[in-house]
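Chemist: Counting in the numbering used here, the sequence shown runs from 32 upward without gaps.
From the three backbone atoms N, C-alpha and C, an ideal C-beta is built for every residue, glycine too.
Got a structure for you, written out below as structure tokens; questions coming shortly.
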Amino acid sequence: MSLLSTKASCNTHGQDSSYFLGWEEYEKNPYDEIRNPKGIIQMGLAENQLSFDLHESWLANNPEAAGLKRGGQSIFRELALFQDYHGLPEFKKAMVEFMSEIRGNKVTFDTNNLVLTAGATSANETLMFCLAEQGDAFLLPTPYYPGFDRDLKWRTGVEIVPIHCTSSNGFQITEDALEKAYQDGQSRNLRVKGVLITNPSNPLGTTTTLKEMNLLLNFIEEKQIHLISDEIYSGTVFNNPGFVSVMEVLNNRSSKNDILSQRVHVVYSLSKDLGLPGFRIGAIYSNDKMVVAAATKMSSFGLISSQTQYLLSAMLSDKKFTKTYISENQKRLKKRHEKIVVGLEKIGISCLKSNAGLFCWVDMRHLLKSNTFEAEIDLWKKIVYDVKLNISPGSSCHCTEPGWFRVCFANMSEETLDLSLQRLKAFVSEFNLIKQQSSLNSSSIIKNSRRKSITKWVFRLSFDGTEREPEQR
Ligand SMILES: Cc1ncc(COP(=O)(O)O)c(C=O)c1O
């Protein structure tokens, strides 16, 4: 009999997903321009490393904050002592102002409705604990961020029911898909407690349309359930249409409904917009006082350290810095995005049209041996082990169509991105060559088979360029 809890020994954490396995493979053989130029390039990590110079120059110009001083005096002792779990008031103020600024100051946020958490990971899980019981369900549009299987389900026992979205309409949420997911939840005897979206979407890199948002608000109003909008990528929108928060849509609705507004909750973090995932800065914003109170108590399990709050309150209160950072970071993301989209196009690979995020949703359906998830994993393994690029297969994001991949572009230098495109180009050229040879061979086989009608020969498509013996069927 195990002395461990079922939670400790179960595998519902999702660690065995190809999303995390790709990271493990990368860790074993990471690319480095000098030390390991043939290693795996990490393109499966949604990190934003494009604007570190802006943080660094701010730090150099503001030694007081980084040195934990106020008015020339050290505040080390103050910060080192016990922290009230409500968070530092000046940091909460700076955080809500930054959130408004990202939303073009079209919405304002009240610090009393904000709960600080150790990243969006903790914010999402805390909301599950506040809104659902074990065995209840949340509906999530597919494809979705693979970490949600861990964050929403693992410790809470909450279930995820997919809202199946497809490429036929650019993976947008439809009324039918929403209703179908709700019915699926009910037929699995799950109590559906809400819908969770990411806006902008990870992995699509698209912003939620107004039509979708109104559809979602009408839906949760009718079903009397919650809506969580994970807006962790709100500051990464680099092209039109600009970012619109669900809070803005809610405020602009003609019929004001307090109950509805209490059922809408926003998750935020500085991991993507400010590129600081290591600092663990997240937040829940809710108009429901009970949710705020419960989440604040729960935040004891994942607080943001005092020195981080102190440093970031100084940085985010510097309006000159935030203004420059937001616009410069978006410019750099836009340039990077263009580079990868054009680079991929040149090798015959297209991406879903996107306007946000740190990744592209890449269509590699034409490189599959068959229209199956097995073929998708085969292709993924080729790309990880032979081409040496760690990208994330769509199946790890619960996409219902095989052949889509999430490819990150902001966690590396421009030179590394160039190299990754060169590697992919070589792979696709070889693929096309083998495909050509294979079809030439099969047409000669057809001719031969007319002569030798007893035996049928089929050439297997080989990615590694080695000539394979024809297989006998
Ligand atoms: C949609 C989404 N939510 C939450 C997270 C977790 O973010 P954090 O680092 O703030 O915990 C991520 C990270 O990739 C994400 O993409």
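Keeping to the same chain, check which residues put their C-beta closer than 7 Å to that of residue 429; ignore five residues upstream and five downstream.
Modeler: So the list reads 173, 174, 175, 193, once near-sequence residues are dropped.
Chemist: Taking only three categories from DSSP, how would you classify residue 406?
Modeler: Reduced to three states, the DSSP call for residue 406 is helix.
Chemist: Assuming contact is defined by CB atoms lying nearer than 8 Å, are residue 404 and residue 433 in contact in what I supplied?
Modeler: The answer is yes: Cβ separation under 8 Å.
Chemist: Please return the same chain residues whose Cβ sits closer than 6 Å to the Cβ of residue 30, not counting the five positions on each side in sequence.
Modeler: Residue coverage of the chain in this structure runs from 32 to 504, which leaves residue 30 outside it and unanswerable.
Chemist: Quick check on DSSP: helix, strand or coil for residue 203?
Modeler: Coil.
Chemist: Using the three-state DSSP reduction, which class does residue 225 fall into: helix, strand or coil?
Modeler: Residue 225 falls in the strand class under three-state DSSP.
Chemist: Spell out the partners DSSP gives residue 148 in its beta bridges.
Modeler: Looking at the DSSP assignment, residue 148 forms a beta bridge with 313.
Chemist: Is residue 263 a contact residue of ligand 1, with contact defined as CB to any heavy atom under 7 Å?
Modeler: Yes - ligand 1 has a heavy atom lying nearer than 7 Å to the Cβ of residue 263.
Chemist: Taking the alpha carbon of residue 291 as the point to measure from, which residue in 319, 314, 315, 312 has its own alpha carbon closest?
Modeler: Measuring from the Cα of residue 291, the nearest candidate turns out to be 319.
Chemist: With distances taken from CA atoms, which of 388, 208, 409, 387 is nearest residue 395?
Modeler: Residue 409 is the option with its Cα nearest to residue 395.
Chemist: Three or more C-beta pairs under 8 Å: does that hold for the stretch 213-229 against the stretch 122-130?
Modeler: At 8 Å Cβ cutoff, the stretches do not touch.
Chemist: Have a look at residue 350 and residue 340 and give me their C-alpha separation to the nearest angstrom.
Modeler: Approximately 17 Å, taken between the alpha carbons.
Chemist: Tell me where the alpha helix (DSSP H) around residue 289 begins and ends.
Modeler: Looking at the DSSP string, the run of the alpha helix (DSSP H) that includes residue 289 is 289-293.
Chemist: With a threshold of 6 Å on Cβ separation, who are the neighbours of residue 406 within its own chain once the five nearest residues in sequence on each side are excluded?
Modeler: Answer for residue 406: 399, 400, listed in chain order.
Chemist: Taking the alpha helix (DSSP H) that residue 281 falls in, what are its first and last residues?
Modeler: Segment 277-283, the alpha helix (DSSP H) holding residue 281.
Chemist: Residue 182 and residue 156 - do their beta-carbons sit closer together than 8 Å?
Modeler: Their beta carbons are under 8 Å apart, which means residue 156 touches residue 182 by this criterion.
Chemist: If we ignore side chains and look at the alpha-carbon of each, how far apart do residue 382 and residue 326 end up?
Modeler: Near 39 Å, if we compare the C-alpha coordinates of residue 326 and residue 382.
Chemist: Between 63, 126, 71, which has its C-alpha nearest residue 536's C-alpha?
Modeler: Only positions 32 to 504 of the chain appear in the structure, and residue 536 is not among them; the question remains open.
Chemist: From residue 437 to residue 431, what distance separates their C-alpha atoms?
Modeler: Rounded to whole angstroms, residue 437 to residue 431 spans 14 Å at the Cα level.
Chemist: Using C-beta distances below 6 Å, list every residue in its chain close to residue 261, excluding the 5 sequence neighbours before and after it, in chain order.
Modeler: 229, 298.
Chemist: Counting Cβ pairs closer than 8 Å, one from the stretch 267-278 and one from the stretch 132-148, do we hit at least three?
Modeler: At 8 Å Cβ cutoff, the stretches touch.
Chemist: Could you tell me the distance, in whole angstroms, from the CA atom of residue 293 to the CA atom of residue 121?
Modeler: C-alpha separation (whole angstroms): 25 Å.
Chemist: Sorry if obvious, but does the Cβ on residue 213 come closer than 7 Å to a heavy atom of ligand 1?
Modeler: The answer is no for residue 213.
Chemist: Looking at residue 208 and ligand 1, is the gap between the Cβ and the nearest heavy atom below 7 Å?
Modeler: For ligand 1, not one heavy atom lies less than 7 Å from the Cβ of residue 208.
Chemist: Along the chain, where does the alpha helix (DSSP H) that runs through residue 332 open and close?
Modeler: Premise fails: residue 332 is in no alpha helix (DSSP H) and is neither H nor E.
Chemist: Tell me the start and end of each unbroken beta strand (DSSP E) in the stretch 166-194 that is at least 3 residues and wholly inside, in chain order.
Modeler: Fully enclosed beta strand (DSSP E) runs of 3 or longer: 167-172, 190-194.
Chemist: Is it the case that the CB of residue 176 approaches a heavy atom of ligand 1 more closely than 7 Å?
Modeler: Yes - ligand 1 has a heavy atom lying nearer than 7 Å to the Cβ of residue 176.
Chemist: For residue 343, tell me which candidate among 81, 78, 118 has the shortest Cα-Cα distance.
Modeler: The option with the nearest alpha carbon to residue 343 is 118.
Chemist: What are the partner residues of residue 362, as DSSP defines its beta bridges?
Modeler: In DSSP, residue 362 forms no bridge with anything.
Chemist: Where does residue 390 sit, in a helix, a strand or coil, going by DSSP?
Modeler: Strand, per DSSP.
Chemist: Which one of 363, 63, 465, 425 has the shortest CA to CA distance from residue 202?
Modeler: Of the candidates 363, 63, 465, 425, the one whose C-alpha sits nearest the C-alpha of residue 202 is 425.
Chemist: Indicate, with yes or no, if ligand 1 has a heavy atom lying under 7 Å from the CB of residue 267.
Modeler: Checking the Cβ of residue 267 against ligand 1 gives no.
Chemist: Given that a residue counts as buried once 16 or more other Cβ atoms are within 10 Å of its Cβ, and exposed if not, what is residue 373?
Modeler: By the 10 Å Cβ count, residue 373 comes out exposed.
Chemist: Just checking residue 306 against ligand 1 - is the residue's beta carbon closer than 7 Å to any of the ligand's heavy atoms?
Modeler: No, since every heavy atom of ligand 1 falls outside the 7 Å radius drawn around the Cβ of residue 306.
Chemist: Quick one: is the Cβ of residue 91 within less than 7 Å of any heavy atom of ligand 1?
Modeler: No, ligand 1 has no heavy atom inside 7 Å of this Cβ.
Chemist: Helix, strand or coil: which one does DSSP assign to residue 72?
Modeler: In the structure shown, residue 72 sits in a strand (DSSP, three-state: E or B).
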